[in-house]
Each structure stands twice: as structure tokens, then as C-alpha cells.
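The sequence shown maps to residues 6 to 95 in this note's numbering.
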Amino acid sequence: MIDELRSMAIFAETIKQGSFRAAAKELKLSPSVVSYQVTQLEKSVGTALIYRSTRKLSLTSEGGVLYQYALNMLQAAQQGLNQVALETKS
């Protein structure tokens, strides 16, 4: 499950950035690693999440659903980290 969570975070960043290359730069990974992680996530869920073209990535309907869950997951994780940090400083 940890691999899927990492892949979801990479997937979300890829959509946010609009390309594998831009996501790779932001995440300090190679574009091939980013592409591989998204492909592995697609294999894990059993469907395509992104329409790939030479110009732009776009979400499939299933990708749109998973993207919202990924954003919620990342937001919840950040809130948890922030809360623990606040309690540690108190």
C-alpha cells in the first residue's frame, strides 16, 4: 500500500504540473521514474488514469476520481504533520 500512496502523490503532482517532465523536475526525479510510477498506479487500479499526448496530459473519468482522492489524501497528511508539529512546540 505504501507504493500506491507514493504513486498517488506522484500522479497528483503530474496532473498539477501538466506533464511528466515538469512533475519530475518538481519532485527531483527523472521523467522516466514519474512515468513508471503513474503506469504502475494504472496497473494497480486496472484502468488508464491519463490520456497521454505529445502536447498535454488529460484525465480519464477514472483519473479524475482518483485525482480528487489523491488531493484529499495529501491534504490530510499535511494537516496531520502540521498538527503534530504544533503540539510538539506547545
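Beta carbons: idealized from backbone N, C-alpha and C, even for Gly.
Less than 6 Å between C-beta atoms, sequence neighbours within five positions excluded: which residues of the same chain meet that for R26?
For the purposes of this step, residue 26 is identified with residue 21 of the sequence shown, where counting begins at 1. P36, listed in sequence order.
With respect to the alpha helix (DSSP H) encompassing G69, which residues constitute its N-terminal and C-terminal limits?
For the purposes of this step, residue 69 is identified with residue 64 of the sequence shown, where counting begins at 1. In the DSSP assignment, G69 falls within the unbroken alpha helix (DSSP H) covering S66 to K94.
Strictly by DSSP, which residues pair up with S63?
The sequence position of residue 63 within the sequence shown is 58, counting from 1. DSSP, once it has assigned bridges, lists Y56 as partnering S63.
Just how far apart, CA to CA, sit E18 and K33?
If you number the sequence shown from 1, residue 18 lands on position 13. If you number the sequence shown from 1, residue 33 lands on position 28. Whole-angstrom Cα-Cα distance: 12 Å.
With DSSP as the reference, label K33 as helix, strand or coil.
Residue numbering aside, residue 33 sits at position 28 when the sequence shown is read from its first letter. The answer is coil: DSSP assigns K33 none of H, G, I, E or B.
Which two residues bound the contiguous alpha helix (DSSP H) that contains M13?
Against the sequence shown, residue 13 aligns to sequence position 8. From DSSP, the alpha helix (DSSP H) with M13 extends over I7 to Q22.
With a threshold of 16 other CB atoms inside 10 Å of the CB of E92, please say whether the residue is buried or exposed.
Translated into positions along the sequence shown, residue 92 becomes position 87. Per the 10 Å Cβ criterion, exposed.
What do you get for V39, buried or exposed, if any count of 16 or more other CB atoms within 10 angstroms of its CB means buried?
Along the sequence shown, read from residue 1 onward, the residue named residue 39 stands at position 34. Answer is buried; the Cβ neighbour count reaches 16.
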